[in-house]
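Take 497 as the starting number for the sequence shown in the numbering used here and just add one per residue.
Every residue gets a Cβ at the ideal spot worked out from N, C-alpha and C, and that includes glycine.
All of these numbers come straight from a predicted model, not from anything done at the bench.
Here's the structure we're looking at; comments come further down.
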Amino acid sequence: MTKMLGATAVGGAGIEGLRLVEGEMPTPGAGEALVRLNAATLNYRDLLFATGRLPGMTKTPDYVPLSCAAGVVAAVGGGVERVAPGDRVSPIFALGWIEGQQTSLAMLGGQADGVARQYAVFPAESLVHNPATMSDLEAATMTCAGLTAWNALFAPRPLRAGEWVLCQGTGGVSIAALQFAKAAGAHVAITSSSDDKLARARALGADITVNYRRETDWAAAVRRELGGARIDILVDVVGSSEVEAAAGLLAPGGVISAIGMLGDDFSWERQEIGGHPVAPITVGHRTDHETMLAFCARHAVRPVVDVVYDLSRIDDAYRHLESGRFFGKVGITLL
Numbered sequence: 497m498t499k500m501l502g503a504t505a506v507g508g509a510g511i512e513g514l515r516l517v518e519g520e521m522p523t524p525g526a527g528e529a530l531v532r533l534n535a536a537t538l539n540y541r542d543l544l545f546a547t548g549r550l551p552g553m554t555k556t557p558d559y560v561p562l563s564c565a566a567g568v569v570a571a572v573g574g575g576v577e578r579v580a581p582g583d584r585v586s587p588i589f590a591l592g593w594i595e596g597q598q599t600s601l602a603m604l605g606g607q608a609d610g611v612a613r614q615y616a617v618f619p620a621e622s623l624v625h626n627p628a629t630m631s632d633l634e635a636a637t638m639t640c641a642g643l644t645a646w647n648a649l650f651a652p653r654p655l656r657a658g659e660w661v662l663c664q665g666t667g668g669v670s671i672a673a674l675q676f677a678k679a680a681g682a683h684v685a686i687t688s689s690s691d692d693k694l695a696r697a698r699a700l701g702a703d704i705t706v707n708y709r710r711e712t713d714w715a716a717a718v719r720r721e722l723g724g725a726r727i728d729i730l731v732d733v734v735g736s737s738e739v740e741a742a743a744g745l746l747a748p749g750g751v752i753s754a755i756g757m758l759g760d761d762f763s764w765e766r767q768e769i770g771g772h773p774v775a776p777i778t779v780g781h782r783t784d785h786e787t788m789l790a791f792c793a794r795h796a797v798r799p800v801v802d803v804v805y806d807l808s809r810i811d812d813a814y815r816h817l818e819s820g821r822f823f824g825k826v827g828i829t830l831l
């Protein structure tokens, strides 16, 4: 059988627990497709799993990390009609979650083995077709970060043209939200500790940029720049340490899309803050993913991958993610 390269991790063992492994290329069974994965990207959750900040969320004793990848169907098993060899595809975030309420806990790179490997077998119904407008590396940003940003803007309270979005930082979710919001005709305020990153955000269309290290009361600085306007959707990736200040910028009817814990802890457990509803965002299902990809193709949205590592340097990719010295996404080539 053909050999392939992959990586494994142990939840809580740290970046040092990552290992490169050689294995046999799998064979698809009935209803399955074998995908030659070409590119993957990292998410903050990958770091949280490895370092033990989100314990009990991964397979034991080890697991294949990463949830986001793109590639080409290499072979299919019996009864498969959704995809065919040669199709450009990505696996969805939670295998089997096709639409409606989340029914599957088989989330890639956690309870289900992920995509840090050259070949993998997936249920054919858990694959989406990637648009010709995106490279594999770009499409590999969409499964988790892209879809999280999409649902932050369009699930709890659909964003409308002319409204305002506040994005925190310049990581994968925030930059995807910036791109989606601008494509939808909205305005965006964004914060960062780096003037260089803020300049890149302005090049993508950001209307207000605030350096929160220079502006110790960053919320007041955003309020001044808004000039009487108010924020309609907060893309909350920082969590509870900053959510009160950010919520003070919201308009009546404004929503907090609670996503991350870059600061200390999630905002999910609160139902409202300052009279504004808190909507927990848990990525999304296959139908959401397909709707998002169609929007990207229609509006020529090109995701941002800042730096790319070889799979053999996956530990360095994790360290780069941990450093925060990136804009958009950190990628892995699986070729």
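- Item | For Asp-732, the three-state DSSP class (helix, strand or coil) | strand
- Message: Which residue marks the beginning of the beta strand (DSSP E) containing His-625, and which one marks its end?
- Response: 623-625
- Could you give the DSSP three-state label for Met-638: helix, strand or coil? Three-state DSSP puts Met-638 in a helix.
- Query: With respect to 6 Å, is the separation between the Cβ of Ile-588 and the closest non-hydrogen atom of the ligand GDP below this value?
  - Reply: Because no ligand of any kind appears in the structure shown, any question about the ligand GDP cannot be addressed here.
- Is the segment 720-740 in contact with the segment 604-617, if contact means three or more CB pairs nearer than 8 Å? no
- Message: Per the DSSP calculation, Ala-536 is bridged to which residue(s)?
- Response: Ala-565, Ile-828
- Task: Name the residue from Gln-675, Ala-571, Ile-729, Leu-544 whose alpha carbon lies nearest to the alpha carbon of Asp-583.
- Result: Comparing Cα positions, the closest option is Ala-571.
- Query: Can you round the beta-carbon distance between Leu-700 and Ile-727 to whole angstroms, since I take them to be within the 8 Å contact cut?
  - Reply: Not confirmed; about 18 Å, so no contact.
- Reduced DSSP category for Leu-655 - H, G, I as helix; E, B as strand; rest coil: coil
- Would you kindly report the start and end of the unbroken beta strand (DSSP E) that includes Ser-753? Where Ser-753 is concerned, the enclosing beta strand (DSSP E) stretches over 746-754.
- Task: Using the Cα positions of Gly-513 and Ala-590, report the straight-line distance between them to the nearest angstrom.
- Result: 24 Å
- Which listed residue (Gly-519, Tyr-559, Ala-790) has its alpha carbon closest to that of Val-506: Tyr-559
- Query: What did DSSP end up calling Val-669 once you bin it into helix, strand or coil?
  - Reply: helix
- Assign Gly-499 to buried or exposed, taking buried as 16 or more other Cβ atoms, counted over all protein chains shown, within 10 Å of its Cβ. The sequence given here places Lys at residue 499; Gly does not occur at that position. By the neighbour-count rule (16 or more Cβ atoms within 10 Å), Lys-499 is not buried but exposed.
- Task: Assuming Ala-673 and Val-731 form a contact by the criterion Cβ under 8 Å, report the distance between their Cβ atoms to the nearest whole angstrom.
- Result: 5 Å
- Could you give the DSSP three-state label for Arg-515: helix, strand or coil? strand
- Message: Taking 8 Å as the limit between beta carbons, can you name the residues of its chain near Ile-769, skipping five residues before and five after?
- Response: Within the same chain, Val-739, Glu-740, Ala-743, Ile-752, Ser-763 come within 8 Å of Ile-769 by CB-CB distance, once the 5 residues on both sides are set aside.
- Message: Using the three-state DSSP reduction, which class does Glu-678 fall into: helix, strand or coil?
- Response: The displayed chain sequence assigns Lys, not Glu, to residue 678. In the three-state scheme derived from DSSP, where H, G and I count as helix and E and B as strand, Lys-678 is classed as helix.
- Pull up the DSSP beta-bridge partners for Arg-613, would you. Gly-502, per the DSSP bridge assignment.
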